[in-house]
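Peer 1: Have a look at this one.
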Amino acid sequence: METLSENKKAALLSVLLLLVGLFVWEMSIPAQKTVEALTEYERLTGTGQPKAGVPPPSQVIAKAWEQLSNPFYDAGPNDKGIGIQIGYSIYRVLVGYLLAALIAIPLGFLIGMSRVAHKALNPFIQVLRPISPLAWMPLALFVIQDSEASAIFVIFICSIWPMLINTAFGVAGVREDWVNVARTHELGPLKTAFTVILPAAAPTIVTGMRISIGIAWLVIVAAEMLVGGTGIGYYVWNEWNNLDLTSVIFSILMIGVVGMLLDAALGLLQRRVAYVE
Amino acid sequence: MASSFLSIERLTQRYPDGKGGEFTVFENASFGIEKGEFVCILGHSGCGKSTIMNILAGLSDPTSGVIKMDGQAISGPSLDRGVVFQNYSLLPWLTTLKNVTFGVAARFPQWTKQQVTDHSIAFLEKVGLTGDAIYRKPSQLSGGMRQRVSIARAFANEPKLLLLDEPFGALDALTRGTIQDELIKVWSGTDQTVFMITHDIDEAILLADRILLMTNGPNARVAESVEITLPRPRTRTTIVEHPNYYAIRNHLVQFLGERSVLLAGESVGDETHRPETVRIDKTEGAADAEPLLRAVPK
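Line order of the protein sequences matches chains H and E.
With the working numbering applied, the first sequence covers -12 to 264.
With the working numbering applied, the second sequence covers 69 to 366.
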């Protein structure tokens, strides 16, 4: 055991925990009698009907296999593959998120560079920021009159704040020395912004972007439960209405996996822009 | 006054003292620097050396006074005045080479990429940075190496005036010695005008043609301009043998130890402070009638 590296030890432990967890879960589900095993009395009175219960992991794994082996089938509005549902969700998240980045980063630059802009805009930010993004939903639906666009708007409004605040914070915190280097090299304002301030503030900005994508992915599930139609949030809710808990658990896991991948992508970007002083 | 290459005229810096009044760092300071000269300014902390440096760099504005370079009043930062900051001020996300090409490309926008790179590498070589080191990030370099990069960046830009703000302040004594040697190496053979702040008397004697001595603040002034009558090329080991060395050193130590306090001026109103020129030369024979103190050319 001592010869194993730290990573291998950790991986081994993870697998062990997973297996133990699955085993306990599987064992804790009471077995359902099959139809053939029911007595005639039970069949007649219905007391032996299989009760809706939490499915064991074996069923969830079987469901996952079935879903993931054909993720993009489309059999009508209430029966689409998990790939299509997740695709819709990711599309909404990315559109809302990128729109937010497009506004938050330049605006954050402005706030970070100008104390006047900071003081003028700060009250608005402080009031708007704590609003739950879903609280905007009714207003968005009324004004935009399109559920799809409303969901995107909700993503936009929830992902804008961390990016805006972090960009402003990062830009304001750029070391005076580096700005002085730009000044003594007669760089213009735009050149200074792109060659000195942006790379200097990039780690903070990307941290904000990473927080934002996490929040956006949290919010899209709730938003899609409200607006319906398509998306992973709608899928969860739809399967709940079908009392198909196997699918519910499966989609919960998928939400986790996709969220992790989105975070990892931003994590990669974060490592690229990181620097050591 | 015959106009110098760089002339500082009646420079005054005041700050509000927080009690409604004003705090005068220095007042009506005037001095000149000739082209190709290496001038050090010595003085205690708080006498306004760094303020003068920032004003020369164009990073801050004086309360009043003018600085003229080549007869032109300066305003704001310029590529004509290169700065080596005490804390190196390298951009940590760029490699060593990129840190230099960054400056060179700004200075010579008409050059091709290759020209910029070659020029930068040549200057990095002059300060002893070659091979892999130039592709490393500043964080992977020692303090001494970082300051070398900073010096290379400043020299590579070939500014009309090079400002060094206590460039060796953060380095240990041994590293400081080698980089001083490298600074001399880079500087000799150019007609680069250098203005340097330092706390270190020996460093100033080794490097400078002339040392400006500042009295303590507030109301600090540049009291003396001491000529360093040591022949070049100088090395740390040979200058101490020279008869002038200890005479000059003693003079500087005396000044910083006692006279900087005694001379610490009250506000003198409208009077212009011009440093008194001091020339100490023990090698000149009795026949030479060169006076110890020379009148200041007006």
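No residue lacks a Cβ here, since even glycine has one placed at the ideal position from N, Cα and C.
Just so we're clear, the structure is a prediction, and the values are computed from it rather than from any experiment.
1) Alpha carbon to alpha carbon, what distance is there between residue 150(H) and residue 199(H)?
2) Name the chain E residues that come within less than 7 Å of residue 170(H), Cβ to Cβ?
3) Using a Cβ-Cβ cut-off of less than 7 Å, give me the residues of the region 158 to 187 of chain E that come near chain H, in sequence order.
4) Using a Cβ-Cβ cut-off of less than 9 Å, list which residues of the region 201 to 219 of chain E approach chain H; keep chain order.
5) State the beta-bridge partners of residue 108(E) as determined by DSSP.
6) Where in the region 169 to 213 of chain E do unbroken runs of the alpha helix (DSSP H), each at least 4 residues long, occur, reported from the N-terminal end onward?
7) With distances taken from CA atoms, which of 296(E), 287(E) and 349(E) is nearest residue 329(E)?
8) Beta-carbon within less than 6 Å of residue 226(H)'s beta-carbon, same chain only, minus the 5 sequence neighbours each way: which residues are those?
9) For residue 179(H), which of 164(H), 32(H) and 193(H) has the nearest alpha-carbon?
10) Can you list, in chain order, the residues of its chain with a C-beta nearer than 8 Å to that of residue 319(E)? Leave out the 5 residues immediately preceding and following it.
11) Note down, one range per segment and in chain order, each alpha helix (DSSP H) of at least 4 residues found wholly within the region 156 to 212 of chain H.
12) Could you tell me the alpha carbon to alpha carbon distance between residue 118(E) and residue 210(E), rounded to whole angstroms?
13) Is the region 146 to 166 of chain E in contact with the region 232 to 250 of chain E, if contact means three or more CB pairs nearer than 8 Å?
14) Report the three-state DSSP secondary structure of residue -10(H) (helix, strand or coil).
15) Alpha carbons only, please: which of 72(H), 58(H), 176(H) and 31(H) is nearest the one belonging to residue 96(H)?
16) Can you tell me where the beta strand (DSSP E) with residue 296(E) in it begins and where it stops?
17) With C-beta atoms as the reference, is residue 72(E) less than 7 Å away from residue 101(E)?
18) Determine whether the beta carbon atoms of residue 77(E) and residue 277(E) lie at a separation below 7 Å.
19) Less than 7 Å between CB atoms is the rule here; does residue 262(E) satisfy it with respect to chain H?
20) Should residue 158(H) be flagged as near chain E, meaning a C-beta pair shorter than 7 Å?
21) Compare the C-beta of residue 167(H) against all C-beta atoms of chain E and say whether one is closer than 7 Å.
22) Residues of chain E with CB closer than 8 Å to the CB of residue 174(H), please, in chain order.
23) Checking contacts by CB at 7 Å: is residue 236(E) closer than that to chain H?
24) Mind listing the chain H neighbours of residue 151(E)? Cutoff is C-beta to C-beta under 9 Å, in chain order.
25) Output the distance between the C-alpha atoms of residue 205(E) and residue 143(H), rounded to the nearest integer angstrom.
26) Are there 16 or more other CB atoms within 10 angstroms of the CB of residue 60(H), so buried, or fewer, so exposed?
27) Is there a Cβ from chain E that is less than 7 Å from the Cβ of residue 264(H)?
28) According to DSSP, what are the bridge partners of residue 134(E)?
29) To test your reading of the DSSP string, which unbroken alpha helix (DSSP H) runs of 4 or more residues are found completely within the region 8 to 90 of chain H?
30) Once DSSP output is grouped into helix, strand and coil, what is the label at residue 258(H)?
31) If we ignore side chains and look at the alpha-carbon of each, how far apart do residue 228(E) and residue 144(E) end up?
32) Taking only the alpha-carbon atoms, compute the straight-line gap between residue 115(E) and residue 317(E) and give it to the nearest angstrom.
33) Anyone know if the C-beta pair for residue 218(H) and residue 139(H) falls short of 7 Å?
34) Residue 164(H) versus chain E: which residues are under 7 Å apart at the beta carbon?
35) I believe residue 247(E) touches residue 215(E) by the beta-carbon criterion, under 8 Å. Please report the beta-carbon distance rounded to the nearest angstrom.
36) I need the straight-line Cα distance from residue -8(H) to residue 270(E), nearest angstrom please.
Peer 2: According to the structure data:
1) Their Cα atoms are separated by approximately 7 Å.
2) By Cβ distance, chain E contributes 127 and 145.
3) 159, 160, 161, 171 and 174
4) 205, 206, 207 and 208
5) DSSP output for residue 108(E) lists 264(E) and 279(E) as bridge partner(s).
6) 181 to 194
7) 287(E)
8) 234 and 235
9) 164(H)
10) 294, 346 and 348
11) Runs found: 163 to 171 and 176 to 179.
12) 25 Å
13) yes
14) Residue -10(H): coil per DSSP, three-state reduction.
15) 176(H)
16) Per DSSP, residue 296(E) belongs to no beta strand (DSSP E) and is neither H nor E.
17) yes
18) Their beta carbons are not under 7 Å apart, which means residue 77(E) does not touch residue 277(E) by this criterion.
19) no
20) no
21) yes
22) 174
23) no
24) 167, 168 and 171
25) 37 Å
26) exposed
27) yes
28) 77(E)
29) 27 to 32 and 44 to 56
30) Of the three classes helix, strand and coil, the one that applies to residue 258(H) here is helix, per DSSP.
31) 15 Å
32) 20 Å
33) no
34) 153, 155 and 157
35) That belief holds up - the Cβ atoms of residue 247(E) and residue 215(E) are roughly 6 Å apart, short of 8 Å.
36) 54 Å
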